[in-house]
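Asks: In my numbering, the protein residues as written are 9 to 592.
No residue lacks a Cβ here, since even glycine has one placed at the ideal position from N, Cα and C.
Dumping the structure here so I can ask a few things about it.
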């Protein structure tokens, strides 16, 4: 067989030899093996810069492992950005370098390596000092070991895996392009190869990774919902769902509901604080397994309110749970101590997935549940004689605050349809919260806004921001209280952090936010996203922990006339958990 004939057959045959040749670039294109002896300098420089920025402080202190994780993810993003910039600027650099002597590769790399080493060392040192500052601001002792070499090792591992994956995808795309190039024009081959690569990557991410993750999360959450918490047993009181005479079976309440109805102070414990004859508080809860449809669960909740005599209590609170069905026990305990047990709290479960998973899959579920329950309770409450109604209040925390807001079109309606509202740790998607931020008084910071035209609405970042329980006669009594900590990532995390500096990082920063914190595109987004995992791992009063503020907020909203500041202090001692926690 002649040599030209052999070459033509090799080009058209998808043999092993043809595949190997397809992996090589066209004349003039750089080789693209999985591992190069010398990686490109621009991606490395940008990756080092991003790693250094990732060592700057965020809202909450981080361990060495999370610091390495944030640094690695951010550096990998920087490497990808650097690779894109290098590719986009290649034609310009070729023109500029034409006729010029190229610098020695070893000399250039020596300079890059030396400067990068200095940048990494300095950023790790300053990052360590700023982590100490952040820990002090949130009231955490300086006892966190800091393993600098391990931070670097974790970051390098993440970057290496990301680069290997990206090069594998690009190498596969090049193979597809070379094979299509045999039967189609070059531009068609390139377009189809890019489309195939995008479909493969998208399919793997969405189908294999995200699909498997959400499926595992749902199965794990369902199993956890069926597991009775340690030390939890069916209540003995008829004023609790799941107890004697309850229309809601104990087994259907789910783990969070079982903990809710079986917890709380007894009348004897309440009597030690309140100067009244205490009664057994009403706690009504309906689990997601108690009835199949939301409307049926709401009807069951109303029937339980009737059965327990909830309409005869002095305060009735509609509490919207979080995604798992959790209602903050300290918030309910504080209310029951404050009212001498003369209260009723009703809530229902609309799912069992963690709140952040619920937000990703269907955030409207919480809103629909909050609206359905409140509307039904309000309709029944409105039918009672005006002088015989309990005070009607709403409560929600985190995703529960988003769900609680779902029953109202605006702040005016919230004020008009309730006697009190306590909304804690609102998410960045809360519509009423955002309405208030947009219309706040000029000059008031976003982390402590002063609501315009609504003096009955109070926003607190600390107990001192709340009014005295015995205000002057001419003072405006608060009817709605929002609690948000300056260091709470649940409040401030938003996808726009990728490209836009947030208002809470403009000007003066919040009371427990490091003054060294700055906004950097992409970097701050990942830092605050990681903070979400740490939001509850800090002392009360910081991050996503609101126990002290909740005590003072209930006092400001519902305290009886004889209540004193000493009573508030005693209530805080009873309700706020110690730090560090037992066993911690």
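Could you give the distance in angstroms between the alpha-carbon of residue 130 and the alpha-carbon of residue 55?
Replies: Rounded to the nearest angstrom, the two C-alpha atoms are 15 angstroms apart.
Asks: Can you give the beta carbon distance from residue 272 to residue 289, rounded, assuming they're within the 8 angstroms contact cut?
Replies: Confirmed, Cβ separation roughly 6 angstroms.
Asks: Could you name the residues of the same chain whose beta carbon sits closer than 7 angstroms to that of residue 580, not counting the 5 residues immediately before and after it, in chain order?
Replies: Closer than 7 angstroms at the Cβ level, and outside the excluded window around residue 580, lie 556 and 559.
Asks: In chain order, what are the residue ranges of uninterrupted beta strand (DSSP E) at least 3 long that sit wholly in the segment 253-337?
Replies: Qualifying beta strand (DSSP E) stretches, in chain order: 290-294 and 323-328.
Asks: Among residues of its own chain, excluding the 5 on either side of residue 601, which ones have a beta-carbon nearer than 7 angstroms to its beta-carbon?
Replies: Residue numbering for the chain in the displayed model covers 9 to 592; residue 601 lies beyond these limits and cannot be assessed.
Asks: When you compare only the Cα positions, how much space is there between residue 396 and residue 314?
Replies: Distance between the alpha carbons of residue 396 and residue 314: 15 angstroms.
Asks: Determine the burial state of residue 312: buried for a count of at least 16 other Cβ atoms within 10 Å of its Cβ, exposed for fewer.
Replies: When all chains shown are included, residue 312 counts as buried.
Asks: Kindly identify the DSSP beta-bridge partner or partners of residue 632.
Replies: Because the chain here runs from 9 to 592, residue 632 falls outside it and cannot be looked at.
Asks: Can you tell me which of 489, 507, 583 and 513 puts its alpha carbon nearest to the alpha carbon of residue 500?
Replies: Here the closest residue by C-alpha is 513.
Asks: Can you tell me whether residue 406 is buried or exposed? The criterion is at least 16 other CB atoms within 10 Å of its CB, across all chains shown.
Replies: By the neighbour-count rule (16 or more Cβ atoms within 10 Å), residue 406 is buried.
Asks: When DSSP labels each residue in this structure, what does residue 55 get in the three-state scheme?
Replies: In the structure shown, residue 55 sits in a helix (DSSP, three-state: H, G or I).
Asks: Would residue 449 and residue 464 qualify as a contact pair, given that the criterion is a beta-carbon distance under 8 angstroms?
Replies: Contact: no.
Asks: Per DSSP, what kind of secondary structure is residue 343 in: helix, strand or coil?
Replies: The answer is helix: DSSP assigns residue 343 an H, G or I state.
Asks: I'd like to check one pair, residue 410 with residue 437: are the Cβ atoms closer than 8 angstroms?
Replies: Their beta carbons are under 8 angstroms apart, which means residue 437 touches residue 410 by this criterion.
Asks: Helix or strand or just coil, what does DSSP make of residue 397?
Replies: Reduced to three states, the DSSP call for residue 397 is coil.
Asks: Where does residue 447 fall in DSSP's three states?
Replies: DSSP places residue 447 in coil when its eight states are reduced to three.
Asks: By the three-class DSSP mapping on this structure, what secondary structure does residue 68 have?
Replies: Of the three classes helix, strand and coil, the one that applies to residue 68 here is coil, per DSSP.
Asks: Taking just the CA atoms, how far does residue 296 sit from residue 327?
Replies: Taking the straight line from one Cα to the other gives about 15 angstroms.
Asks: What did DSSP end up calling residue 351 once you bin it into helix, strand or coil?
Replies: Residue 351: strand per DSSP, three-state reduction.
Asks: Looking at the secondary structure, which residues open and close the alpha helix (DSSP H) in which residue 187 lies?
Replies: Counting along the chain, the alpha helix (DSSP H) containing residue 187 begins and ends at 156-189.
Asks: Who are the Cβ neighbours of residue 269 in its own chain at under 6 angstroms, not counting the five residues just before and after it?
Replies: Counting only Cβ-Cβ distances below 6 angstroms, and skipping sequence neighbours, we find 243, 248, 249, 250, 291 and 293.
Asks: So for residue 129, helix, strand or coil by DSSP?
Replies: It is helical.
Asks: With a threshold of 16 other CB atoms inside 10 Å of the CB of residue 239, please say whether the residue is buried or exposed.
Replies: Answer is exposed; the Cβ neighbour count stays below 16.
Asks: Who does residue 491 pair with in a DSSP beta bridge?
Replies: Residue 491 pairs with 432 and 468.
Asks: Just reading off the alpha helix (DSSP H) that residue 379 is part of, what are its end residues?
Replies: First-last of the alpha helix (DSSP H) with residue 379: 372-390.
Asks: Taking residue 583 as the reference, give the member of 446, 430 and 344 with the closest Cα.
Replies: For residue 583, the nearest C-alpha among the options comes from 344.
Asks: Straight-line CA distance for residue 473 to residue 489?
Replies: Going by the C-alpha atoms only, they are around 11 angstroms apart.
Asks: Between which two residues does the alpha helix (DSSP H) containing residue 564 stretch?
Replies: Here the alpha helix (DSSP H) through residue 564 covers 555-566.
Asks: Cα separation between residue 466 and residue 382?
Replies: So the alpha carbons of these two residues sit roughly 22 angstroms apart.
Asks: Could you tell me the alpha carbon to alpha carbon distance between residue 574 and residue 276, rounded to whole angstroms?
Replies: Cα-Cα distance, rounded: 20 angstroms.
Asks: Could you give the distance in angstroms between the alpha-carbon of residue 567 and the alpha-carbon of residue 259?
Replies: When rounded, the distance between both Cα atoms is 36 angstroms.
Asks: Looking only at DSSP bridge pairs, what is residue 248 linked to?
Replies: BP columns for residue 248 point to 291.
Asks: Using the Cβ count rule (16 or more neighbours within 10 Å means buried), how would you classify residue 325?
Replies: Residue 325 should be labelled buried.
Asks: Tell me residue 356's beta-bridge partners as DSSP assigns them.
Replies: DSSP lists 294 as partners of residue 356.
Asks: For a quick check, are the C-beta atoms of residue 408 and residue 332 less than 8 angstroms apart?
Replies: No. Outside cutoff.
Asks: Short check: CB of residue 60 to CB of residue 128, under 8 angstroms?
Replies: Against a cut-off of 8 angstroms, the Cβ pair of residue 128 and residue 60 comes out as a contact.
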